[in-house]
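Just so you know, the sequences run in chain order F and P. For what it's worth, my numbering labels the leading residue of the first sequence as 73, then goes sequentially. For what it's worth, my numbering labels the leading residue of the second sequence as 251, then goes sequentially. Every residue, glycine too, gets a C-beta built ideally from N, C-alpha and C. Here the structure is a predicted model, which means the values were calculated and not measured. Encoded as structure tokens, the structure appears first; notes follow it.
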Amino acid sequence: MDQQVKFYQTGTFTVGNRLLSPEQRTVQASIERSNSLNSGHRACQGCGEALGARYAIDAAMRATSKQLIAANATGCLEVFSTPYPESSWQLPWIHSLFGNAAAVGTGIAAALKVKAQKSGRVQSDVRVIAQGGDGGTTDIGFGCLSGMFERNDDVLYICYDNEAYMNTGVQRSSATPPAARTATTMAVGEQPGADFGKGKNVPRIAMAHEIPYVATATVADLHDLEAKVEHAMSIRGARYLHILVPCPLGWGSASHDTIRLARLARETGIFPVFEAEHGEVTRVTKIRHRVPVEEYLRPQRRFAHLFGAKGHPEMLARIQADADKNIRRYHLLDEESAA
Amino acid sequence: MTMHKPFAITLDPGSSLANKTGSWRTERPVYVDRLPPCNGQCPAGEDIQGWLFHAESGNYEAAWRHLTRDNPFPAIMGRVCYHTCEGVCNRGKIDAPVGINSVERFLGDEALKNRWRFEWPQVESGRHVLIVGAGPSGMSAAYHLRRLGHAVTVMDAGAAMGGMMRFGIPKYRLPRDVLDAEMQRIVEMGVTVKLGTKVDDIARTMKDGGFAAAFLAVGAHIARRAFIPAKDSARILDAVQVLRSMEGEAPPMLGRRVVVYGGGNTAIDVARTAKRLGATEAVIVYRRTREKMPAHDFEVEEALEEGVQVKWLSTIKESSGGWLTIERMELDDKGNPQPTGKFETLEADSVVLALGQDVDLSLLDGVPGLRMDDGVVQVDPTTMMTGYPGLFAGGDMVPAERNVTVAVGHGKKAARHIDAWLRGVQLATPPKHPTATFERLNPWYYTDAPKTVRPQLDLARRTSSFDEVQGGLTEDNALFEARRCLSCGNCFECDNCYGVCPDNAVVKLGPGNRFAFNYDYCKGCGVCVAECPCGAIEMVPEDV
Numbered sequence: 073m074d075q076q077v078k079f080y081q082t083g084t085f086t087v088g089n090r091l092l093s094p095e096q097r098t099v100q101a102s103i104e105r106s107n108s109l110n111s112g113h114r115a116c117q118g119c120g121e122a123l124g125a126r127y128a129i130d131a132a133m134r135a136t137s138k139q140l141i142a143a144n145a146t147g148c149l150e151v152f153s154t155p156y157p158e159s160s161w162q163l164p165w166i167h168s169l170f171g172n173a174a175a176v177g178t179g180i181a182a183a184l185k186v187k188a189q190k191s192g193r194v195q196s197d198v199r200v201i202a203q204g205g206d207g208g209t210t211d212i213g214f215g216c217l218s219g220m221f222e223r224n225d226d227v228l229y230i231c232y233d234n235e236a237y238m239n240t241g242v243q244r245s246s247a248t249p250p251a252a253r254t255a256t257t258m259a260v261g262e263q264p265g266a267d268f269g270k271g272k273n274v275p276r277i278a279m280a281h282e283i284p285y286v287a288t289a290t291v292a293d294l295h296d297l298e299a300k301v302e303h304a305m306s307i308r309g310a311r312y313l314h315i316l317v318p319c320p321l322g323w324g325s326a327s328h329d330t331i332r333l334a335r336l337a338r339e340t341g342i343f344p345v346f347e348a349e350h351g352e353v354t355r356v357t358k359i360r361h362r363v364p365v366e367e368y369l370r371p372q373r374r375f376a377h378l379f380g381a382k383g384h385p386e387m388l389a390r391i392q393a394d395a396d397k398n399i400r401r402y403h404l405l406d407e408e409s410a411a
Numbered sequence: 251m252t253m254h255k256p257f258a259i260t261l262d263p264g265s266s267l268a269n270k271t272g273s274w275r276t277e278r279p280v281y282v283d284r285l286p287p288c289n290g291q292c293p294a295g296e297d298i299q300g301w302l303f304h305a306e307s308g309n310y311e312a313a314w315r316h317l318t319r320d321n322p323f324p325a326i327m328g329r330v331c332y333h334t335c336e337g338v339c340n341r342g343k344i345d346a347p348v349g350i351n352s353v354e355r356f357l358g359d360e361a362l363k364n365r366w367r368f369e370w371p372q373v374e375s376g377r378h379v380l381i382v383g384a385g386p387s388g389m390s391a392a393y394h395l396r397r398l399g400h401a402v403t404v405m406d407a408g409a410a411m412g413g414m415m416r417f418g419i420p421k422y423r424l425p426r427d428v429l430d431a432e433m434q435r436i437v438e439m440g441v442t443v444k445l446g447t448k449v450d451d452i453a454r455t456m457k458d459g460g461f462a463a464a465f466l467a468v469g470a471h472i473a474r475r476a477f478i479p480a481k482d483s484a485r486i487l488d489a490v491q492v493l494r495s496m497e498g499e500a501p502p503m504l505g506r507r508v509v510v511y512g513g514g515n516t517a518i519d520v521a522r523t524a525k526r527l528g529a530t531e532a533v534i535v536y537r538r539t540r541e542k543m544p545a546h547d548f549e550v551e552e553a554l555e556e557g558v559q560v561k562w563l564s565t566i567k568e569s570s571g572g573w574l575t576i577e578r579m580e581l582d583d584k585g586n587p588q589p590t591g592k593f594e595t596l597e598a599d600s601v602v603l604a605l606g607q608d609v610d611l612s613l614l615d616g617v618p619g620l621r622m623d624d625g626v627v628q629v630d631p632t633t634m635m636t637g638y639p640g641l642f643a644g645g646d647m648v649p650a651e652r653n654v655t656v657a658v659g660h661g662k663k664a665a666r667h668i669d670a671w672l673r674g675v676q677l678a679t680p681p682k683h684p685t686a687t688f689e690r691l692n693p694w695y696y697t698d699a700p701k702t703v704r705p706q707l708d709l710a711r712r713t714s715s716f717d718e719v720q721g722g723l724t725e726d727n728a729l730f731e732a733r734r735c736l737s738c739g740n741c742f743e744c745d746n747c748y749g750v751c752p753d754n755a756v757v758k759l760g761p762g763n764r765f766a767f768n769y770d771y772c773k774g775c776g777v778c779v780a781e782c783p784c785g786a787i788e789m790v791p792e793d794v
């Protein structure tokens, strides 16, 4: 590869980098970051969702000069951040029901628009984010979300996907991956864990609404995540950001492995990272060092039944095939390394 | 307080900051500094990772000043050091080791170009230390003692400073202007150097000159000989003689066919020198195999590239009428060469013996308490002091590997202990940090970048001239190379810990000040440890 720029040691892989100019560093590298989700929250050790929420909201706070309101679905994020009467949130924040975060966001956006127009402006400077976990997004809040999309309401909806209902004791959601053990998909029988062929891919469903912007991200690539939030806040209309946030409790992984697992989800092809505008994929994040899915699955006890003497190599092969399909579908490998 | 609350609200809003989640913790992260493998390996005790840190941001003068805290000769080091640091560099497990030696040379050359100088000591101690020998060890000690405020006089029998760096290392490896400049810079700190002054009796010289302590570093200048039966006046020389005469007016007369006897770096130097003097054949005769050769492999490789030939498993039996009788050897079970009784002949205009060197220890005659073994002076390896109080020694004259870098390290160590001894205290050396092993790094975060290779003089030119073989790096390349450093075991402020903490429990203290943990909220998840690229954080159990 031609070295067009000077080599910067860790480049943009790390959160900051003293060799980069300050504007090339992340929001999270700054002493002035908002810490929108403040210390003292009750998330588990190594919580990916707490991290993802701070990353996203801090970036949105900077992009909007702190003119931001958040509506939150029921779920871990709501429960661990705001046990009445305390809250960790450092911005106007509202929780209503499990399934209506998108609708609450829509309502706030509508109210702000009316206020703006009454004061003689076309649109409000105050922006709205609606957010929830995968349960509140892909299952319970899905009708409200689809409505928000089809009306093209001026809301950024962020789904923090930890792939099950973790707050209530790890029950399966429609974002739970095949073969994963949850309280409702036990690791028993011929096909232990969650079924293959079930569940839904909400980023692709969002794209089918042809909304202005859809993107996926993980907590392992901060520069990428922040750039997507910033871009989303530069657009008016319905936008959707789907962030993979590993859950040590529900996944049965070590608390220190949260970022490593998010990284492996991308590097295996299991979780494709891309952007789409008006229904078309416009950019994908390429895999840097491709690894087999086993490397991602093994550190997670929810997949423990796939391994060992009584393991399920055929299920492992199906998961690998799904990852390979993602790699083909989104062109996740550079051409030369694709062979 | 309860007067104006909305319907069904009974409590005032609170902040989660009231909830000190630090109480959940069973292990706590702590910042550590680990010893980078390069630093641990460096015989001169350089803080390599430390000076690369400055070079990475393009602050070459700060890098040079940091480097010269330990070693005053970067331009020389960058040419003659065998850079064992690179052999242990963790980057080697990712792509190729950092070109530490080439960056060191770049910094040394920058210093010469910009005429950076060492500062005079702030205060004079009023003590006077004698150094015998103006080689790498002696001049290193002179530098460090001077920095500590002592008056220093260096005496050397030779006509110029440098010792074996001048009389043992060929010009194509160490140009003399570089050597002169780095020696002169020590003199400019106020060190007195008396050349052409042989010290015959150390006790008397010290007493006469009023020296409070002395450091001896006279080197090993006496060539070992081997008896080769010669039927006529065969031309048999030794390596010390040949390399020394290269510094004089007339180069040595070696003839067209030169045979060098021995397998060390000196043998290689002589063979390559012979080539440059016009020998059509330069043949090294060595009694073991290439794998067993003490010479460094890259030097053997460079010599072979230049057309030097080597006869492995061979010894010289006799010399007669311009012909040598060579006996083939073979290795026995223990790997020792044994004669086979098979002979061959080899034409030779001259034979140069490169069989090792001994130390002239006569200046120590009559000094009580000294112990000599294997032709060298025994010293306390932690202080470099001989059995006679106040008399220290280093370099080739003490038991150690013989090379420039080791000698420079001896000089530094001795200087610090001489200083302590003069002040009547024991020098407390803090225990070394544990090594920053590769397993403790998170290599994901480092950008992929192979090593920048220094240009080499093209082959034709380098065998016919004494021009320097290794070129230097350009500024761009040096910066690139410096930035390949992984900063093993030492925080380089990448902000990862600050960014990846789910609990905002890492406090950023600003440039140069690193970070601190806020244990009120740290839950002990260990993400910061796992995602620290350089392994500068570790988890320690809490007392529970």
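Problem set entry | Cross-chain neighbours of P/Gly760 in chain F, by beta carbon under 9 Å | Those within 9 Å of P/Gly760 in chain F are Ile103.
Exercise. Which residues mark the beginning and the end of the beta strand (DSSP E) in which F/Asn144 is found?
Worked result: Under the DSSP assignment, F/Asn144 falls in the beta strand (DSSP E) whose first and last residues are Leu140 to Asn144.
Problem set entry | Contact set between P/Asn746 and chain F, taken where Cβ atoms lie within less than 7 Å | Within chain F, the residues near P/Asn746 are Thr86 and Val87.
For this session: Would you check if there are 3 or more beta carbon pairs closer than 8 Å linking the segment 113-130 of chain F to the segment 313-330 of chain F?
Result: Result yes; three or more Cβ-Cβ pairs closer than 8 Å.
Exercise. For the beta strand (DSSP E) that contains P/Gln588, what are its first and last residues?
Worked result: Residues Pro587 to Glu597.
For this session: Please decide whether F/Glu158 counts as near chain P, where near means a Cβ-Cβ distance under 7 Å.
Result: It does; some Cβ of chain P falls within 7 Å.
Exercise. Is the segment 282-297 of chain P touching the segment 777-791 of chain P, taking contact as three or more C-beta pairs under 8 Å?
Worked result: Touching, yes.
Exercise. What residues of chain F sit near P/Asp406, judged by a beta carbon separation below 9 Å?
Worked result: The premise fails here: P/Asp406 is roughly 44 Å from chain F at the closest Cβ pair, so nothing lies under 9 Å.
Exercise. Does the segment 217-237 of chain F come close enough to the segment 304-312 of chain F that 3 or more CB-CB pairs lie under 8 Å?
Worked result: Touching, yes, given that three or more Cβ pairs across the two stretches are closer than 8 Å.
Exercise. What three-state label does DSSP hand F/Gln195 in the structure shown?
Worked result: The three-state reading of DSSP puts F/Gln195 in coil, since its state is none of H, G, I, E or B.
Exercise. Counting along the chain, where does the alpha helix (DSSP H) carrying F/Asp130 start and finish?
Worked result: Looking at the DSSP string, the run of the alpha helix (DSSP H) that includes F/Asp130 is Gly120 to Ala135.
For this session: For P/Val779, go through chain F and note every residue whose CB falls closer than 9 Å to its CB, in chain order.
Result: Per Cβ cutoff of 9 Å: His328.
For this session: For P/Lys481, count neighbouring Cβ atoms within 10 angstroms of its own Cβ and tell me buried if that reaches 16, exposed if not.
Result: By the 16-neighbour rule on beta-carbons within 10 angstroms, P/Lys481 is exposed.
Exercise. At a Cβ threshold of 7 Å, is F/Gln96 touching chain P?
Worked result: Residue contact with chain P for F/Gln96: absent (no Cβ-Cβ distance below 7 Å to any residue of chain P).
Exercise. Do you know how far the Cα of F/Arg244 is from the Cα of F/Met73?
Worked result: For F/Met73, the pLDDT reaches just 36, beneath the cut-off of 50, and the residue's location in the model is therefore unreliable, although a value from the coordinates is still provided. Computed Cα separation, rounded: 44 Å.
Exercise. Which whole runs of the alpha helix (DSSP H) in the segment 313-343 of chain P are 4 residues long or more, in chain order?
Worked result: DSSP assignment within the segment 313-343 of chain P yields the following whole alpha helix (DSSP H) runs of 4 residues or more, N-terminal first: 324-330 and 334-337.
For this session: Have a look at the DSSP bridge pairing and note the partners of P/Val508.
Result: Checking the DSSP bridge columns, you'll see P/Val508 partnered with P/Ala532 and P/Ser600.
Problem set entry | Any C-beta of chain P under 7 Å from that of F/Val77 | Here the model assigns F/Val77 a pLDDT of 41, short of 50, so the residue's position is not dependable, and the following value carries that caveat. For F/Val77, the answer is no, since every Cβ of chain P falls outside 7 Å of its Cβ.
For this session: State the DSSP-derived secondary structure class of P/Tyr310, mapped to helix, strand or coil.
Result: P/Tyr310 falls in the helix class under three-state DSSP.
Problem set entry | Residue ranges of each alpha helix (DSSP H) within the segment 544-573 of chain P, 4 or longer | If you keep only unbroken alpha helix (DSSP H) runs of at least 4 residues inside the segment 544-573 of chain P, you get 547-555.
Exercise. If we count Cβ pairs, one from each stretch, closer than 8 Å, do we get three or more for the segment 491-506 of chain P versus the segment 664-678 of chain P?
Worked result: No, the segment 491-506 of chain P does not touch the segment 664-678 of chain P.
For this session: Could you check the C-alpha separation between F/Lys78 and P/Phe730 for me, to the nearest Å?
Result: The C-alpha of P/Phe730 is placed about 7 Å away from the C-alpha of F/Lys78.
Exercise. Are the C-beta atoms of F/His113 and some chain P residue less than 7 Å apart?
Worked result: By this cut-off, F/His113 is an interface position.
For this session: Could you spell out the range, first to last residue, of the alpha helix (DSSP H) harbouring F/Arg311?
Result: Premise fails: F/Arg311 lies in the beta strand (DSSP E), Arg311 to Leu316, not in any alpha helix (DSSP H).
For this session: Mark P/Tyr771 as exposed unless 16 or more other C-beta atoms lie within 10 angstroms of its C-beta, in which case mark it buried.
Result: It counts as buried.
Problem set entry | Alpha-carbon to alpha-carbon, P/Leu424 and P/Gly644 | Taking the CA atoms as reference points, P/Gly644 sits about 22 Å from P/Leu424.
Exercise. CA-CA distance, P/Asp262 and F/Ser159?
Worked result: The alpha-carbon atoms of P/Asp262 and F/Ser159 are separated by roughly 11 Å.
Exercise. Terminal residues of the continuous beta strand (DSSP E) containing F/Leu454?
Worked result: The question about residue 454 of chain F has no answer here: the residues shown for chain F are numbered 73 through 411.
Problem set entry | C-beta contact flag for P/Val490 and P/Ser600 at 7 Å | With a cutoff of 7 Å on beta-carbon distance, P/Val490 and P/Ser600 are scored as not near each other.
For this session: Pick out whichever of P/Pro324, P/Gly512, P/Glu541 and P/Pro791 has its Cα sitting closest to the Cα of P/Asp430.
Result: Checked all of P/Pro324, P/Gly512, P/Glu541 and P/Pro791; the closest Cα to P/Asp430 is P/Pro324.
Problem set entry | Nearest to F/Ser218 (by Cα), restricted to the options F/Glu302, F/Gly380 and F/Ala278 | Residue nearest to F/Ser218 within the set F/Glu302, F/Gly380 and F/Ala278 is F/Ala278 (criterion: CA-CA distance).
Exercise. Do we get a CB-CB distance below 7 Å when we pair F/Ser93 with the residues of chain P?
Worked result: No, F/Ser93 does not count as interfacial toward chain P.
Problem set entry | Residue burial classification, P/Gly469 (beta-carbon count within 10 angstroms, cutoff 16) | Buried.
For this session: Determine the DSSP secondary structure at P/Cys778, reduced to helix, strand or coil.
Result: The DSSP-derived three-state label of P/Cys778 is helix.
Problem set entry | Candidates P/Ile381, P/Asp406 and P/Met405, of which the one nearest P/Leu395 by Cα | In terms of CA proximity to P/Leu395, P/Ile381 leads the group P/Ile381, P/Asp406 and P/Met405.
For this session: Reducing DSSP to helix, strand and coil, say where F/Gly215 ends up.
Result: Of the three classes helix, strand and coil, the one that applies to F/Gly215 here is helix, per DSSP.
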